[in-house]
Structure formats: C-alpha cells, structure tokens
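This report concerns only the one structure given below.
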RNA sequence: GCGCCCGUAGCUCAGCGGAUAGAGCACCCGACUUCUAAUCGGAUGGCCGCAGGUUCGAAUCCUGCCGGGCGCGCCA
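Residue numbers (UniProt numbering): 1 to 554.
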C-alpha cells in the first residue's frame with residue numbers, strides 16, 4: 001500500500017463517516033487530500049496523519065474522538081494492520097508487512113520510471129542558469145548554479161515538465177571591451193588595465209589568439225583589439241562549454257546577448273513597451289516605469305548617449321523567451337544580483353505578465369571558500385579565482401556536484417578545499433554511492449548463490465524492523481521528487497538519498513540476501529533480493545537526478 | 001538609511017504549523033571467521049539569536065530588535 005493509496009483510503013473513510021452521520025461535518029469541509037506522513041518516531045507506526053486535529057473544530061468534537069471514528073473505519077481497510085489514536089489526536093497507522101512489502105516489487109518493475117510523476121505535466125519551462133560572462137573561467141559560484149540548475153532541470157523533467165536549459169551569453173557591452181583590452185595588454189607584456197582582468201588565463205588566451213592569427217601584432221592596435229575581442233570571446237566560450245561538459249552539464253540553448261542587439265529585438269521590445277505606455281523620455285534618456293510595478297525607482301533602458309542600458313537586453317531576452325512559447329522563465333541568479341529582482345519582476349508586469357508565475361527568479365547564496373579553515377578571498381582581477389576546473393580536479397565531478405547541490409541555495413555554504421582534497425568520507429556522496437555499490441554487489445553475490453528474484457516474492461516475509469523502515473523510505477521517493485521540483489529545491493533529493501542509504505546500510509547489517517554457506521536458499525532470500533534491487537533502483541534514480549554517478553563497485 | 005538571504009549540537013548543515021528537534025563529521029566505547037567495516041550499534045553534545053504575537057499546537061507563520069553575508073548606478 002502506497003502513501004497515495006493510504007491517503008485515498010483515509011479520505012474515503014472520512015467521507016463515509018460524514019455520510020453515516022458519525023461526524024457532523026459539512027461535506028465541503030472534507031479535504032480533497034488527506035496528508036499522511038512518516039512519523040519521526042518509529043513507535044508511532046508506518047504513517048501518521050493529523051487530519052483529526054485539523055478537523056476537530058469544524059466537526060465540533062474533540063480531536064481524539066474524530067480520530068477514533070476514522071480509526072474504526074480505517075482498521076477495516078485491507079492492508080492496514082492497526083490504526084491507533086495517539087497524543088492530542090494523531091492517527092498512527094501500521095500496515096500489514098505484506099501490504100508494505102509489495103512496494104519492493106512495484107519499484108523493481110517500474111525501474112527508472114519509479115519516482116517520475118506528472119505533477120508538472122503540460123508546463124513549458126525555460127530554465128536559465130550559470131550564464132557566466134565570457135571574460136573568464138566559471139568560478140565557484142557559477143559552479144554551484146551548474147550543479148543545482150542541472151539537477152533542477154532533471155527534477156522538472158522527472159515531474160513531467162517540458163524543460164529547455166539555457167545559458168545567456170553576455171557577449172555585448174563594456175565588459176567585453178575590458179576583456180579585449182586585457183588580452184591586448186597581456187600580448188604586449190603590459191600590465192592589465194586598471195579596469196581589466198588579470199590572472200594566468202588572460203595570458204593563455206592572449207597567446208592562443210596570437211598563435212591562431214599569425215601577424216596579429218603587426219596590425220594597427222585598434223584592429224588588434226577587435227581581433228582579441230572576437231577570438232578571445234570565442235575561445236573563452238569554447239572553454240566554458242568544455243568545462244560544463246566535463247561537469248556533466250549541457251545546455252539546450254546558448255543564447256548570445258549580441259544577437260538581441262544585432263537582430264533588432266531590443267528595439268522591438270522597447271517599442272512594445274512604448275505601445276503599452278510603459279516608457280517615457282527624460283534627461284535625454286528613455287525610462288521604463290518599473291516603479292509602477294513595485295520597483296524602487298524607474299530604470300533607464302536607453303542611455304542619454306543612445307546606447308541601450310544593460311536591462312534592455314533583459315527586456316528583449318524575456319520577451320523572446322515568451323514568444324518562443326515558454327509559460328515560465330525561470331532564472332537562477334547569485335545573491336550579488338538579488339537587487340535585480342525588483343526591476344525584473346516589474347519588467348515582467350510591464351509586459352502584462354504575472355511576476356512569480358511567468359517569471360521566476362531563484363536567488364542562490366554565495367559559496368565561501370575555505371582553506372585551512374580560513375576564508376579565501378577571491379578576485380578575478382588578481383587571478384585568485386577557484387574555477388570549476390580547479391574544483392573538479394581537486395575532488396572529482398561527483399563529489400563537487402554533490403557537495404554543491406546538497407544544501408539549500410538559500411544558505412551560503414562553506415567549501416573547505418583541503419577537506420575535499422583529502423577525499424575523506426566527510427563527503428556524504430561517498431556514503432550514498434557506497435550504498436549503491438553495495439546493492440550491486442549484493443546482486444552479484446545473490447546470483448552466484450542461486451538466489452533469483454523470479455523464483456519467489458512473498459512480501460509477508462519482510463517482517464524485520466529495518467525492512468519496514470526501508471520500505472517506508474522507498475515509498476516516499478515520488479513525493480520527495482515532486483516536492484523538490486515544485487519548490488525548486490534539488491537538495492531535498494540529496495538529503496533523502498542520505499536517509500535512504502542509511503536505512504539500507506542498517507538493513508544490510510541485519511538481513512542477509514544470500515544465505516550463509518551451510519544454509520539453503522529460501523523464499524525470504526529471494527524476497528529480500530527484490531527489496532535490495534528496489535533500493536538500488538531508487539538510489540540510482542536519485543543520484544541521476546543530481547547528475548552524480550551510481551557506481552557498481554567502489 | 002532601504003531591500004534580500006541566513007542565525008538550529010564543537011564544525012558543516014537538514015527539518016511541507018505537529019508528537020521526545022535530527023544527520024554527517026569531530027570526540028568516547030563497542031562490532032571485521034564480513035552477502036565490501038567507505039559499514040553498523042551505543043554514549044556525549046541544544047535558551048532552535050532575543051522579545052512579543054497568531055494557533056489546540058511555533059525551529060517553522062507575523063512584528064520588532066541583535067548579529068553575519070550580499071546588494072541598492074544613465075556599470076555590465
């Protein structure tokens with residue numbers, strides 16, 4: 001019996017009790033869905049609901065009495081072993097072992113499809129993340145968005161959404177000029193410009209450009225700079241894509257800001273807003289009335305020198321996404337950009353859309369790097385940047401992705417390089433991966449011992465305490481996936497996997513799948529193999545949602 | 001000054017308004033004739049920043065403080 005089935009049974013019991021006059025409750029007050037949850041304390045059964053507490057006032061009866069009515073009816077439901085009233089009015093439900101155990105087979109037969117839902121079916125989502133400027137390698141912050149964003153995309157797809165992952169490539173504007181001048185300076189052995197970029201990669205890129213364009217340094221300086229700009233951006237872009245690919249992250253669309261300017265999309269977006277009466281001219285500039293939509297002040301979209309302001313690209317980009325048919329544009333930004341939320345949401349509203357619905361902005365807090373337990377200050381200009389490549393080289397893709405994705409993006413996280421470099425088991429990814437490897441190994445041993453799933457499945461034999469606990473965790477997976485997708489919180493999957501791995505390890509410790517040498521193979525072994533393989537299925541599916549590998553051996 | 005995020009065990013962090021607030025690490029004690037000990041069992045460790053409010057019930061929601069981080073441009 002799955003939590004969903006139990007929830008339905010509870011709702012039916014409630015409705016029946018109302019119909020029978022056992023509860024004086026307005027049928028309209030019967031909740032459409034009765035939530036069941038796993039009690040923290042195992043002594044409180046497999047599942048629990050607080051529905052009686054919530055309905056007591058409306059029913060005009062003490063909570064425990066309401067719970068009693070439900071308990072009597074629920075106890076009649078096949079598969080339910082006991083329904084107990086506890087505390088102020090909780091209803092604690094214990095399932096028959098066989099009823100809970102059947103899930104093992106359900107999971108194995110569903111395979112990778114177990115946990116997939118249709119919660120977000122029909123939604124067309126454009127998910128934009130990383131979008132690091134092509135003026136340097138992806139640093140640690142961008143790496144966090146790569147890990148979290150890619151995992152979120154996997155989650156959204158697992159819940160039925162149609163997702164396009166997009167990288168907004170800021171290849172337009174003054175920063176690119178600074179980048180070009182930095183390359184130029186490096187090629188001539190000059191120090192980096194005051195407002196430019198430093199670091200070894202600048203010299204590397206400059207050398208690569210001069211190697212590619214042989215007589216470059218003989219050209220007029222302005223032409224040199226233009227070539228460095230064009231070729232440098234191209235090389236940086238290739239390097240970024242390469243790093244992302246090695247990190248296991250690929251985007252469906254790499255969107256170039258430049259194209260918005262060259263295609264006239266920026267002008268069209270501003271013209272649209274002008275038609276809607278959202279812009280005005282003042283002080284020689286063109287302004288957008290964002291303050292009418294909750295922003296602190298109006299924003300300049302075309303500067304008095306005639307150049308489009310940065311936000312104009314965002315206007316055009318947002319409009320472009322909507323015109324491409326996306327219901328929702330979801331953008332992940334670092335905390336240092338949270339000041340944009342107001343104007344971005346106002347822009348969304350100015351177009352006549354619904355902020356928070358058509359446009360969703362996820363703000364992630366920053367990553368603090370530690371070395372020897374001390375904060376490491378990063379500076380792009382000084383070249384003291386820890387890049388995605390540095391991190392991967394130090395700890396590997398799996399550990400890096402897992403470490404960055406297992407915490408809520410609302411929290412700034414500390415990543416201690418020395419800790420991760422040590423490759424110690426401080427990193428929970430090993431704990432989870434090891435559990436998966438163990439399930440695989442158990443499978444191999446079972447096969448060698450002649451334990452075969454297809455010979456028997458008798459869920460009534462899964463009676464050990466650790467089995468009930470493990471099964472309950474497996475049952476929760478679809479709800480975890482759905483909730484993680486809806487809340488855009490991939491870290492929930494990681495935390496769940498750690499919990500599941502722990503329960504598996506405990507079960508492994510007390511329940512053998514393969515008999516000892518002198519023992520015969522029995523149905524209990526065969527049935528446990530189903531449970532082992534069900535756990536393996538969920539661990540693999542969960543790790544996949546995080547973009548982390550599920551090794552067969554470690 | 002204004003805005004956003006955070007404040008939970010020694011450390012890093014979980015915790016959809018529910019029961020005795022959890023995990024990993026660190027520290028201490030135990031379990032390797034093992035289906036892989038990268039594991040498991042046990043012990044220790046908490047004014048959930050502070051003060052009010054809402055509620056049958058608050059770490060969770062609201063308000064105000066305190067502390068930390070990050071932002072508040074005709075930069076990109």
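By construction, the Cβ of each residue, glycine as well, lies at the ideal position given by its N, Cα and C atoms.
Alpha-carbon spacing of residue 164 relative to residue 295, whole angstroms: For residue 164 and residue 295, the distance between alpha carbons rounds to 29 angstroms.
Where the alpha helix (DSSP H) containing residue 445 begins and where it ends: Residue 445 -> alpha helix (DSSP H) spans 428-448.
Candidates 10, 79, 29: which alpha carbon is nearest residue 68's? Of the listed residues, the one whose Cα sits closest to residue 68 is 10.
Extent of the continuous beta strand (DSSP E) run through residue 360: Per DSSP, the unbroken beta strand (DSSP E) holding residue 360 starts and ends at 359-364.
Is residue 219 buried or exposed, if buried means 16 or more other CB atoms sit within 10 Å of its CB? Here residue 219 is exposed, its C-beta having fewer than 16 other C-beta atoms within 10 Å.
CA-CA distance, residue 91 and residue 505? Rounded to the nearest whole angstrom, the C-alpha separation of residue 91 and residue 505 is 30 angstroms.
For residue 321, the nearest candidate out of 72, 253, 240, 270 (CA to CA): Nearest option by C-alpha distance: 253.
Measure from the alpha carbon of residue 319 to the alpha carbon of each residue in 304, 553, 350, then state which is nearest. That would be 350, whose Cα lies nearest to the Cα of residue 319.
For the region 491-502 against the region 129-139, do three or more pairs of beta-carbon atoms, one drawn from each stretch, fall closer than 8 angstroms, so that the two count as touching? Cβ pair count under 8 angstroms is below three, so no.
Please state if the CB of residue 63 and the CB of residue 88 are separated by a distance shorter than 7 angstroms. Yes.
Alpha-carbon spacing of residue 108 relative to residue 534, whole angstroms: So the two alpha carbons sit approximately 5 angstroms from each other.
Specify, as a first and last residue, the run of the beta strand (DSSP E) that residue 256 falls within. Counting along the chain, the beta strand (DSSP E) containing residue 256 begins and ends at 253-256.
DSSP state of residue 150 mapped onto helix, strand, coil: Helix at residue 150.
From 248, 198, 14, 114, residue whose alpha carbon lies closest to that of residue 75: The shortest C-alpha separation from residue 75 is found at 14.
Three-state secondary structure (DSSP) of residue 348: Residue state, collapsed to three classes: helix.
Would you be able to state if there are at least three C-beta pairs under 8 angstroms between the region 452-468 and the region 518-537? By the criterion of at least three beta-carbon pairs nearer than 8 angstroms, the region 518-537 is in contact with the region 452-468.
Quick one: Cα of residue 128 to Cα of residue 398, how far? Taking the straight line from one Cα to the other gives about 22 angstroms.
Can you tell me whether DSSP reads residue 455 as helix, strand or coil? Looking at residue 455 - three-state DSSP - the assignment turns out to be helix.
Contact check, residue 408 vs residue 338, beta carbons under 7 angstroms: The Cβ-Cβ distance between residue 408 and residue 338 does not fall below 7 angstroms.
When the Cα atoms are used, what is the spatial distance from residue 106 to residue 547? Taking the straight line joining both Cα atoms gives about 24 angstroms.
Decide if residue 207 is buried, meaning its Cβ has at least 16 other Cβ atoms within 10 Å, or exposed. When all chains shown are included, residue 207 counts as exposed.
Where are the beta strand (DSSP E) runs, 3 residues long or more, that stay fully inside the region 250-335, in chain order? If we require 3 residues or more, the beta strand (DSSP E) runs fully inside the region 250-335 come out as 253-256, 279-282, 285-288, 299-302, 328-334.
In three-state terms, what does DSSP make of residue 411? Coil.
Just to check my reading of the structure: residue 330 and residue 315 have Cβ atoms closer than 8 angstroms, yes? What is that Cβ distance to the nearest angstrom? So it is not a contact: roughly 17 angstroms between Cβ atoms.
Would residue 1 and residue 79 qualify as a contact pair, given that the criterion is a beta-carbon distance under 7 angstroms? Taking 7 angstroms as the Cβ cut-off, residue 1 and residue 79 qualify as a contacting pair.
Where does residue 472 sit, in a helix, a strand or coil, going by DSSP? Note: residue 472 maps to helix in three-state DSSP.
Could you give the first and the last residue of the continuous beta strand (DSSP E) run that contains residue 218? Residue 218 -> no beta strand (DSSP E), and no H or E assigned at all.
DSSP three-state assignment for residue 496, whether helix, strand or coil: Residue 496: helix per DSSP, three-state reduction.
Cα-Cα separation, residue 34 to residue 146: Taking the straight line from one Cα to the other gives about 37 angstroms.
Give me the DSSP bridge partner(s) of residue 237. Answer is none; residue 237 lacks a bridge partner.
Express the C-alpha separation of residue 478 and residue 37 in angstroms, rounding to a whole number. If I take the Cα positions, the gap works out to 13 angstroms.
Just checking, does the region 236-248 make contact with the region 284-293 on the three C-beta pairs under 8 angstroms criterion? Under the three-pair Cβ rule at 8 angstroms, the region 236-248 does not count as touching the region 284-293.
Assigned exposure category for residue 307 - 16 Cβ within 10 Å defines buried: It is exposed - the Cβ of residue 307 has fewer than 16 other Cβ atoms within 10 Å.
Any idea if residue 118 is buried or exposed, counting beta-carbon neighbours within 10 angstroms, 16 or more meaning buried? Exposed, because fewer than 16 other Cβ atoms sit within 10 Å of the Cβ of residue 118.
Kindly list the residues whose CB is nearer than 8 angstroms to the CB of residue 272, restricted to its own chain and excluding five residues on each side of it in sequence; keep chain order. For residue 272, where only same-chain residues beyond five positions count, the Cβ hits under 8 angstroms are 319, 351.
Between residue 514 and residue 445, how many whole angstroms is the CB-CB distance? I'm expecting something under 8 angstroms. Contact check for residue 514 and residue 445: beta-carbon distance about 5 angstroms, within the 8 angstroms limit, so the pair qualifies.
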